Amino acid sequence: MSVYLVCTVRVDDPETYKKYTAKTPAIIAKHGGRFLVRGGPVETVEGKPFNDRLVILEFPSADAVKTFYASPEYREVMEFRTASSEATFLLAEGVPEGVAAPDDRVVKS
Numbered sequence: 121m122s123v124y125l126v127c128t129v130r131v132d133d134p135e136t137y138k139k140y141t142a143k144t145p146a147i148i149a150k151h152g153g154r155f156l157v158r159g160g161p162v163e164t165v166e167g168k169p170f171n172d173r174l175v176i177l178e179f180p181s182a183d184a185v186k187t188f189y190a191s192p193e194y195r196e197v198m199e200f201r202t203a204s205s206e207a208t209f210l211l212a213e214g215v216p217e218g219v220a221a222p223d224d225r226v227v228k229s
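To convert, count from 1 in the sequence shown and add 120; that's the numbering used here.
Structure follows, in structure tokens:
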């Protein structure tokens, strides 16, 4: 079952951040990941206005995400991201095929 890495990023220094985005696609692909959303327009339909960068990646497993994130090649380029932005990375499991509403996962926040 696929898992998703959902990233919200407030970019403060676009030129430095571009050094990060130039190198990450090959590293992500090496670990079985692919971009589903990569910084395009985002429209807030409900809630607080969202003005940051949104990136959603699909990976074959949580282990693949963790291996990607801990890899030496990602850690090296991650320095460009941390120097130029503030981010939140969320790892979320996909919904298994045939499951419309996993109600057993609804818990109090």
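Just so you know, even glycine gets a beta-carbon here, dropped at the ideal spot from N, CA and C.
Predicted model only: the values in this text are computed from it and were never measured.
How about S204 and Y137: do their beta carbons lie closer than 8 Å?
yes
Alpha carbon to alpha carbon, how far is V226 from T141? Give it in angstroms, no decimals.
35 Å
Since R173 contacts V131 with CB under 8 Å, what's their CB separation in whole angstroms?
Contact between R173 and V131 holds, since their C-beta atoms are separated by about 6 Å, short of 8 Å.
Pick helix, strand or coil for F170, following the three-state DSSP scheme.
coil
By Cβ distance, which residues of its chain are closer than 7 Å to L211, with the 5 residues on each side in sequence left out?
V123, L125, A182 and V185
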